[in-house]
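>
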Amino acid sequence: MTQPNFDEMSREELRAYLLDHRDDEAAFHAYMDRLAAEPVVAHGKPEDLQDAAHFAEALARVQKIKQERRNRGE
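Residue numbers (the working numbering): 149 to 222.
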């Protein structure tokens, strides 16, 4: 069996492949590399972490953005 070209797959396609082929270490590493290469969404200032209310709001914003990205298939 030939190995698929993970570089040509979208992140969602690669994730789906990985879920169907859980023993494929090359797919796992390709997916982890892809995730590590993605930018991290950060909002606010470090001082916001000192205030629990601001931290909770910032965390909720980040979670909302991540969910919106998942819904769009990014």
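C-beta: ideal position from N, C-alpha, C; glycine also.
Grouping DSSP H, G and I as helix and E and B as strand, with all else coil, what is P187?
Residue state, collapsed to three classes: coil.
> Does the pairing of the segment 209 to 217 with the segment 181 to 200 give three or more beta-carbon distances under 8 Å?
These segments touch.
> Over the uninterrupted alpha helix (DSSP H) stretch that includes H169, give me the two end residues.
Unbroken run through H169: none, as it is neither H nor E.
> Which first and last residues belong to the alpha helix (DSSP H) in which K193 is found?
K193 -> no alpha helix (DSSP H), and no H or E assigned at all.
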